[in-house]
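For the protein sequence lines, the chains are A and B, in the order given. Heads up, the first sequence is in the numbering used here, so the first residue is 1 and it goes up one at a time. Heads up, the second sequence is in the numbering used here, so the first residue is 1 and it goes up one at a time. Note that beta-carbon positions come from the ideal geometry of N, C-alpha and C, so glycine has one too.
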Amino acid sequence: MQFQKELIKICEKYPQIKLNFHYKIWETDFLRFYQSQINYNISKTSISLSTTIYKGKKSYNFSLKNPNREILQNKIDEVLELIDQLPEDPDFVDLEDDLSKTGEKEKTNNIEKVSLDKKIEILEKFSKAVEPYNFKIYGTFICNYRTLYIINSNGLDKREVSSPIYLECKAVNQKNEVTVLEAYGGERFESFNEEEFTSNLVKKVKAATGEVVDVESGKYEVVLAPRCIGEYLMHLESSIHAQSLDSKQSYFEGKINEKVFPGNVTIIDDPNHPDLINFDYNGDGHIYKRLPIIERGVFKNFFVDNYYGHKLKMKKNGSEGAALVMETGDKELGEMIDSVRKGLYISSLHYMNFINRKETSITGLTRDGTFLIEDGKITKVVNNLRFTENISDIIKGITEIENKSYTIPYSSNYGEFGIYSARMPHVKVNGFKISSSTKTV
Amino acid sequence: MKKLVYDIINKLNAQNITYADVRFTDTDTQQIYFEKGKLKYFGSDMDSHALGIRVLADGCWGFAGTTILDKTSIDKTIKRAISNARIGSKFRKEPAFFKKLKPVQDSYLFKPIEDPFLMDDKYKIDFHEKIAQKLIGNDKIVYSFVYSEFYRQYKIFANTEGTLVDSLVYDSMPKMYVLASNGRESMSRNWPGDMNGQRGGFEIIRNAKLEENTDRIIEEAIKLLDAPRIEEERADLIIGNGHLALQLHESVGHATEADRIFGKEISYAGKTFIKPAMLGNFKYGSDIVNIYSDSINQGGMGFHLVDDEGTPGGTVDIVKNGILVDQQTSQENAALLGVKPSSNMMASYADDIPLIRMTNFCLAPGKGSLDDLIKSTENGYYIDFTKTWSIDDNRNNFQFTTEIGWKIENGELKHIVKEPTYFGITPEFWAACDGICGEEEWDFQGTFHCGKGEPGQAMHLSHGVAPARFKNIVCNVKA
Numbered sequence: 001m002q003f004q005k006e007l008i009k010i011c012e013k014y015p016q017i018k019l020n021f022h023y024k025i026w027e028t029d030f031l032r033f034y035q036s037q038i039n040y041n042i043s044k045t046s047i048s049l050s051t052t053i054y055k056g057k058k059s060y061n062f063s064l065k066n067p068n069r070e071i072l073q074n075k076i077d078e079v080l081e082l083i084d085q086l087p088e089d090p091d092f093v094d095l096e097d098d099l100s101k102t103g104e105k106e107k108t109n110n111i112e113k114v115s116l117d118k119k120i121e122i123l124e125k126f127s128k129a130v131e132p133y134n135f136k137i138y139g140t141f142i143c144n145y146r147t148l149y150i151i152n153s154n155g156l157d158k159r160e161v162s163s164p165i166y167l168e169c170k171a172v173n174q175k176n177e178v179t180v181l182e183a184y185g186g187e188r189f190e191s192f193n194e195e196e197f198t199s200n201l202v203k204k205v206k207a208a209t210g211e212v213v214d215v216e217s218g219k220y221e222v223v224l225a226p227r228c229i230g231e232y233l234m235h236l237e238s239s240i241h242a243q244s245l246d247s248k249q250s251y252f253e254g255k256i257n258e259k260v261f262p263g264n265v266t267i268i269d270d271p272n273h274p275d276l277i278n279f280d281y282n283g284d285g286h287i288y289k290r291l292p293i294i295e296r297g298v299f300k301n302f303f304v305d306n307y308y309g310h311k312l313k314m315k316k317n318g319s320e321g322a323a324l325v326m327e328t329g330d331k332e333l334g335e336m337i338d339s340v341r342k343g344l345y346i347s348s349l350h351y352m353n354f355i356n357r358k359e360t361s362i363t364g365l366t367r368d369g370t371f372l373i374e375d376g377k378i379t380k381v382v383n384n385l386r387f388t389e390n391i392s393d394i395i396k397g398i399t400e401i402e403n404k405s406y407t408i409p410y411s412s413n414y415g416e417f418g419i420y421s422a423r424m425p426h427v428k429v430n431g432f433k434i435s436s437s438t439k440t441v
Numbered sequence: 001m002k003k004l005v006y007d008i009i010n011k012l013n014a015q016n017i018t019y020a021d022v023r024f025t026d027t028d029t030q031q032i033y034f035e036k037g038k039l040k041y042f043g044s045d046m047d048s049h050a051l052g053i054r055v056l057a058d059g060c061w062g063f064a065g066t067t068i069l070d071k072t073s074i075d076k077t078i079k080r081a082i083s084n085a086r087i088g089s090k091f092r093k094e095p096a097f098f099k100k101l102k103p104v105q106d107s108y109l110f111k112p113i114e115d116p117f118l119m120d121d122k123y124k125i126d127f128h129e130k131i132a133q134k135l136i137g138n139d140k141i142v143y144s145f146v147y148s149e150f151y152r153q154y155k156i157f158a159n160t161e162g163t164l165v166d167s168l169v170y171d172s173m174p175k176m177y178v179l180a181s182n183g184r185e186s187m188s189r190n191w192p193g194d195m196n197g198q199r200g201g202f203e204i205i206r207n208a209k210l211e212e213n214t215d216r217i218i219e220e221a222i223k224l225l226d227a228p229r230i231e232e233e234r235a236d237l238i239i240g241n242g243h244l245a246l247q248l249h250e251s252v253g254h255a256t257e258a259d260r261i262f263g264k265e266i267s268y269a270g271k272t273f274i275k276p277a278m279l280g281n282f283k284y285g286s287d288i289v290n291i292y293s294d295s296i297n298q299g300g301m302g303f304h305l306v307d308d309e310g311t312p313g314g315t316v317d318i319v320k321n322g323i324l325v326d327q328q329t330s331q332e333n334a335a336l337l338g339v340k341p342s343s344n345m346m347a348s349y350a351d352d353i354p355l356i357r358m359t360n361f362c363l364a365p366g367k368g369s370l371d372d373l374i375k376s377t378e379n380g381y382y383i384d385f386t387k388t389w390s391i392d393d394n395r396n397n398f399q400f401t402t403e404i405g406w407k408i409e410n411g412e413l414k415h416i417v418k419e420p421t422y423f424g425i426t427p428e429f430w431a432a433c434d435g436i437c438g439e440e441e442w443d444f445q446g447t448f449h450c451g452k453g454e455p456g457q458a459m460h461l462s463h464g465v466a467p468a469r470f471k472n473i474v475c476n477v478k479a
């Protein structure tokens, strides 16, 4: 019998307790390259079961690798001897009880589809394309394949299959280490346009061959690449989760239906967006649906899971912020850059950390291509810069939004190397605070 | 399991490969987490086993890992590691190499004073609940938690050079936190700091004196709400051990990992401003700054008999009298730099590939007590308890915020300041170090969460530090 079916039977065998299972079968094929050659390729396989047992409001959690029925039952029996002695969590009400399902689509296993030979063939082309400019390529090319079963004592029996591809290719100038980045993320390899990817990479490489300068700290008009605004929004997500209300760390506390950002800013969490990596369920097994977060500058919704929905008496919605979409505006990217007299184009961000989460104050750095804009033109490469700023002020400072958006892949890196994506346009921001130069690219 | 590992090595030896190593780990963890006085999470991950095989063939590394230990899976993993290397070699211009090592056969089994995995669970829960209850009840404390994590890992390492070593270690990590709010702003205080992991069992939790310090952090968090910020543009800073460990970690530890020099970590963790030509001549800090990598001090979580490619543990000077003299290296990167390998190749679990990691990365003690250092400071701040950290892609520009600082006037601690934030450029900052306390103040700080690599690995490691003073540091940075 398939083990996921065993889990349903085990739920039935223990009616006095509530069981919640996450049963995962996960594989990765993970290529890392540097100096236009392979560093190593990693293949990993893992089968794991995470279990939460509730007896009333008392709970215990455990994980098992390669579980079987006997091992699991022994562990449950062991926990039952302990659980009565534990203190209660009075805020726990019940496990997820929404039994409705999505189509639970089958997905191609991209580990099989995009072989190591195929990856190497693609990387060799990138390498050759940047070589004439004295650049070499560095990065990662990853395919995952995961099947997740979410099963609980309330009758939940759901399955989610995912097989994301993540390609991050940095081109590094061998003379001065100026770096640029091009990335792809998605689940349909057919959507990967090798020629367009190469052409974008080379375009960035050409822009990165100019003089390298420092700029003074101070306020600048900046054009933020889609990756940057996406990263700021992902950090702001910590204020959108209902949990942040409970821990008194949400910038949005008391601001539902309040205008918090300019009227041209609309942000949606859309796990079914055709250009993004899609998700069926949140971690509870609740259907994960499209949810507006900011509508024309007005804050609309928190991400509410089952536990905090009960605890904070909020309606759960299954959203997690894994597929953020910012609506496009009405400006061409060229127009946005043209209108900057002296400012910066920022390609990517690095090592951001909150100083004060509730105030959204953050520090971090630019990375992988920071450029000086003078009289409407990108003129020079700028050393990486440090910013110390409130994310809320950055978004409040948005004056223009591009009329086109781009898919930006990102990874959670740890554990099972979760791969997500966001759909973002370029934005122009006034008064962006640069606090220091790094003196290096 | 030793037989299993030995059999895999024999199978690998029969292949036409340059080198291979095999690791098996069996890891147990347990976490206890009380939030706002209530038990929010109690759980364990026991007998989490993993197997990893790393192969050097045709001048390229290949790796495969699995948690499935049946014969079919193991044979598949062996084949995959070899094919990853062979296919990968098609896109490898400079062949990777591995210098022959003297084989080591040894065993190290650490015994904690109080084994947390043999203790009564109810006792551990009651212990933490008592602390959790002391953290609530004050109207201005809007959020609190107390958390402990226990870790035990048994590892077998073997390679095709004939090394076979097994080890058992225990690490533990306590932490408590309060957040105070006056409705306008919120301020946090934690204990015993962010670098709170140590080698040992439940005795580490007791030694942290959590219960004895609940009143202190509540009082300080509330006082911080009305405390001033640093107003000076620049000031002399004395940095306490908990935060200094992180300063050392970010601006020297990661900067001196040799794989960064060659761009092997550019895609995620980043590069380093250090170039090979700097070894032996670059002024990294003032003359009193001596920094070393030490994998043979059993007091730290970075202790090992051999690293994860079989290089015996040892001590290597990284910065000697302020001059950069060496790097943390693997066999391959040491040869590229023309230095001896430093025994720094480590992986978190057996199914992770080894990377250059800090082990016990230490700032050597100077002279005198913390009191002496404060007394000799006319005007400055004593800061500790990390709140925020950030450093650039080259490990050159950093900015840190601590939860709390104390104004020093004429050699005495005065009032507290909130969220002291300072910024620096790595070599300029370490050149500004004019005082390091002595052995009486030196201890191990440590983390379970040093992130590096892709897929990411979180490493347990330690830093030996004593409080130190840095002159004329930029410390008035605001959002």
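Sorting D443(B), G338(B), D352(B) by C-alpha distance to the C-alpha of I42(A) places D352(B) at the top.
Within chain B, the residues K38 have their CB atoms less than 8 Å from the CB of P90(A), given in chain order.
Those residues of the stretch 255-269 of chain B placed with their C-beta closer than 8 Å to a C-beta in chain A are F262, G263, K264, I266, S267, Y268, ordered along the chain. The beta-carbon of R69(A) is placed no less than 8 Å from the nearest beta-carbon of chain B. The continuous beta strand (DSSP E) containing I318(B) extends over residues 315-320.
Counting only Cβ-Cβ distances below 9 Å, H49(B) has contacts in chain A at K65, N66, in chain order.
Put simply, the CB of C437(B) is far from chain A, with every gap to its CB atoms at 8 Å or more.
Annotated three-state conformation of W406(B) is strand, per DSSP. Restricted to the stretch 191-244 of chain A, the alpha helix (DSSP H) segments that are unbroken, complete and at least 4 residues in length are 194-207, 226-236, listed in chain order. Contact between G201(B) and P116(B) holds, since their C-beta atoms are separated by about 5 Å, short of 8 Å. In the structure shown, F429(B) falls within a helical segment according to DSSP collapsed to helix, strand and coil.
Going by C-alpha positions, K175(B) is about 30 Å away from V474(B). Of all residues in the stretch 156-190 of chain A, the ones placed with a Cβ closer than 8 Å to any Cβ belonging to chain B are E168, K170, V172, E177, T179, in chain order. Any Cβ of chain B closer than 8 Å to the Cβ of M314(A) would place that residue at the interface, and such an atom is absent.
The shortest C-alpha to C-alpha distance from A180(B) to any of M173(B), R206(B), D226(B) is the one to D226(B). F400(B) and N333(B) have their C-alpha atoms roughly 31 Å apart. Fewer than three pairs of CB atoms, one per stretch, sit closer than 8 Å, so the stretch 326-342 of chain A makes no contact with the stretch 143-158 of chain B. Counting along the chain, the unbroken alpha helix (DSSP H) around I394(A) starts and ends at 391-396. Nearest in C-alpha terms to Y251(A), of all of E265(B), A64(B), L210(B), S186(B), is S186(B). DSSP places P409(A) within a strand segment (E or B) once states are collapsed to three. Counting only runs of 4+ residues, the alpha helix (DSSP H) found wholly inside the stretch 101-163 of chain B occupies 121-134, in chain order.
In the DSSP assignment, M187(B) forms a beta bridge with A180(B). Close to G297(A), with beta-carbon spacing below 7 Å, lies no residue of chain B; the smallest spacing is near 21 Å. Ranking I404(B), A479(B), Q31(B), D393(B) by CA distance to the CA of A255(B) puts D393(B) first. Less than 8 Å separates the beta-carbon of G299(B) from that of R199(B). The beta-carbon of L225(B) is placed no less than 8 Å from the nearest beta-carbon of chain A.
A distance below 7 Å between beta-carbons, with the five flanking residues on each side excluded, links I53(A) to the following residues of its chain, in chain order: I17, L19, S59, Y60, I76, V79, I83. Using a Cβ-Cβ cut-off of 8 Å, P132(A) does not count as an interface residue toward chain B, since no Cβ of chain B sits closer than that to its own. Taking 8 Å as the upper bound for CB-CB distance, Q331(B) and T359(B) are not in contact here, some 16 Å apart. Runs of the beta strand (DSSP E) spanning 3 or more residues and lying entirely within the stretch 231-306 of chain B occur at 234-239, 291-294, in chain order. Following the DSSP letters along the chain, one finds K76(B) inside the alpha helix (DSSP H) bounded by residues 71-88. Only buried fits M173(B), as 16 or more other CB atoms lie within 10 angstroms of its CB.
A residue is called buried when at least 16 other Cβ atoms come within 10 angstroms of its Cβ; A208(B) meets this threshold and is buried.
Per the DSSP secondary-structure output, D26(B) pairs in a beta bridge with H49(B), Y154(B). With contacts defined as CB atoms closer than 8 Å, D45(B) and F62(A) qualify as a contacting pair. For T440(A), a Cβ of chain B is located within less than 8 Å of the residue's own Cβ.
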